[in-house]
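J.:
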Amino acid sequence: MNTIRIGGVPEHFNLPVHLAKERGDFKKRGVNIEWTTFRGGTGQMTKALRDDEVDCCILLTEGIVTDIINGNPSKIISNYVNSPLIWGIHSGAKNTLDNYKDIYEKKYAISRFGSGSHLMAIVDATSNDRKIKKSQFKVIKNLEGALESLGKGETDVFYWEKFTTKPFVDSGELKRVGQYLTPWPCFVIAATDKILKEQPENIIRMLRTIHDSNDIFMQDKTAIKQVSKRFGQKSKDVERWFHQTEWAIHGWVSNKMLESVVYNLKVAGIVKKRQVIPDLVWLR
């Protein structure tokens, strides 16, 4: 049985994939899945795709679009989460920063250059007619690094998924000074050109299994309880998140959506105005 190496962040969004694996759904379709957890987020995953450490990843839409444009030999093969991501904008508990409008001159913690925490900070600033200098960013690798950096006062601002960081806000380790919604579906699945050439049928079987599991998960009356137990979050927070989130149950990717992502990346200066845009989506 052929193996497909897939990766993603250690967050509640990816539970449908883990449940499908635990139920043996992939093997029933003749596909073996090997999961790798990436705590460093999208920037770490785009590098793993480039380095042939994984075949597929579930990552932030804007991050993989940027990296494919910049030469990553991969394609988007499906939407994964159709709803926007709610980014919490955070500061350290003892930081004097309290107002969202005051963040743009501050020091930003980012997991990596090219990560969601980096890109969305720029997109947000640009949408408010503000500009962030490269010198304002400090790489902290992951959420744990951000907690340490913000706690020490080395950095002032950190963008991360709102519900993942809520336990730290509740405990008083972080404070949330604002939030920002991505203007597009937040997560897609991407695969390397190599695996798409070598195992196209297995990729399709994998996608069908993920889409089916997403559908089952959205109708599961125990889903909220499962997320709360596995990820140590309060039921009321998970309930709110669950009812704000829609997973993809088919592989269609909107060209208009991708055009909007590229437009915003160009406006923000992340992608060059005259840069040639390669094929972003796998054409079966």
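Here the sequence shown is numbered in our numbering, starting from 322 and rising by one per residue. In this text, a Cβ means the ideal position worked out from N, Cα and C, and glycines have one as well.
Quick check: the Cα distance between Gly499 and Gly361, rounded to an integer number of angstroms?
T.: Distance between the alpha carbons of Gly499 and Gly361: 22 Å.
J.: Rounded to the nearest angstrom, how far is the Cβ of Thr485 from that of Glu332, given a contact under 8 Å?
T.: Thr485 to Glu332, Cβ: 5 Å. Contact.
J.: Considering only C-alpha positions, which residue in the set Thr357, Leu380, Lys348 is nearest to Ser506?
T.: A small fix is needed here, since residue 506 is Pro in this sequence, not Ser. Among Thr357, Leu380, Lys348, the Cα nearest to that of Pro506 is on Leu380.
J.: Going by alpha carbons, who is nearest to Thr324 out of Asn353, Glu494, Val460?
T.: Here the closest residue by C-alpha is Asn353.
J.: Output yes or no for whether 9 Å exceeds the beta carbon distance between Gly413 and Lys496.
T.: It is a contact, given that the beta carbons lie within the stated cut-off.
J.: Can you check whether the CB of Lys454 is closer than 9 Å to the CB of Ser470?
T.: Contact: no.
J.: How is Ile461 classed by DSSP in three states: helix, strand or coil?
T.: Ile461: coil per DSSP, three-state reduction.
J.: Is DSSP giving Ala512 helix, strand or coil here?
T.: In the structure shown, Ala512 sits in a strand (DSSP, three-state: E or B).
J.: Exposed or buried, which one is Thr367 when buried takes at least 16 other CB atoms within 10 Å?
T.: When all chains shown are included, Thr367 counts as buried.
J.: Could you pull the start and end residues of the beta strand (DSSP E) that Asn382 belongs to?
T.: For the sequence presented, residue 382 should be read as Thr rather than Asn. No beta strand (DSSP E) contains Thr382, which is instead part of the alpha helix (DSSP H) from 382-390.
J.: Could you spell out where the beta strand (DSSP E) holding Gly328 opens and where it closes?
T.: Run containing Gly328: 324-329, per the beta strand (DSSP E) assignment.
J.: At what residues does the alpha helix (DSSP H) containing Tyr421 begin and finish?
T.: First-last for Tyr421: undefined, no H or E at that position.
J.: Can the beta-carbon of Ala467 be found closer than 9 Å to that of Ser492?
T.: Contact flag unset, no.
J.: Bridge partners of Ala430, per DSSP?
T.: Paired residue(s): Lys459, Phe479.
J.: Tell me whether the region 471-481 and the region 370-386 touch, counting them as touching only if at least three CB pairs, one residue from each stretch, are closer than 8 Å.
T.: With the cut-off at 8 Å, the region 471-481 and the region 370-386 do not touch.
J.: Can you give the beta carbon distance from Val602 to Lys396, rounded, assuming they're within the 8 Å contact cut?
T.: 6 Å between Cβ atoms; contact.
J.: Using the Cα positions of Met322 and Asn420, report the straight-line distance between them to the nearest angstrom.
T.: Met322 and Asn420: Cα-Cα distance of roughly 54 Å.
J.: Expressed to the nearest angstrom, what Euclidean distance is found between the alpha-carbon atoms of Gly328 and His339?
T.: Going by the C-alpha atoms only, they are around 11 Å apart.
J.: Pull up the DSSP beta-bridge partners for Trp356, would you.
T.: Trp356 is bridged to Ile327.
J.: State the DSSP-derived secondary structure class of Val597, mapped to helix, strand or coil.
T.: Looking at Val597 - three-state DSSP - the assignment turns out to be coil, as it is neither helix nor strand.
J.: Leaving out five residues before and five after Ile410 in sequence, what residues of the same chain have Cβ atoms less than 7 Å from its Cβ?
T.: Excluding residues within five positions, the ones whose Cβ falls inside 7 Å are Tyr421, Ile424, Val478, Tyr480, Arg497, Val498, Gly499, Gln500, Tyr501.
J.: DSSP three-state call for Ser448: helix, strand or coil?
T.: Helix.
J.: Apply the 10 Å Cβ neighbour rule to Phe508 and answer buried if 16 or more other Cβ atoms are within range, or exposed otherwise.
T.: Buried: at least 16 other Cβ atoms inside 10 Å.
J.: For Asn585 and Met441, what's the separation of their Cα atoms in angstroms?
T.: Taking the straight line joining both Cα atoms gives about 10 Å.
J.: Where do the ends of the beta strand (DSSP E) carrying His411 lie?
T.: Taken as a continuous stretch (DSSP letters only), the beta strand (DSSP E) holding His411 covers 407-413.
J.: How big is the Cα-Cα spacing for Leu370 and Thr513?
T.: Roughly 6 Å between the two C-alpha positions.
J.: Quick one: Cα of Ile510 to Cα of Val386, how far?
T.: Distance between the alpha carbons of Ile510 and Val386: 11 Å.
J.: Can you look up Gly499 in the DSSP assignment and give me helix, strand or coil?
T.: It is a strand residue.
J.: Output yes or no for whether 9 Å exceeds the beta carbon distance between Val402 and Trp568.
T.: Closer than 9 Å, so yes.
J.: Can you tell me which of the three DSSP states Val592 falls into?
T.: The answer is coil: DSSP assigns Val592 none of H, G, I, E or B.
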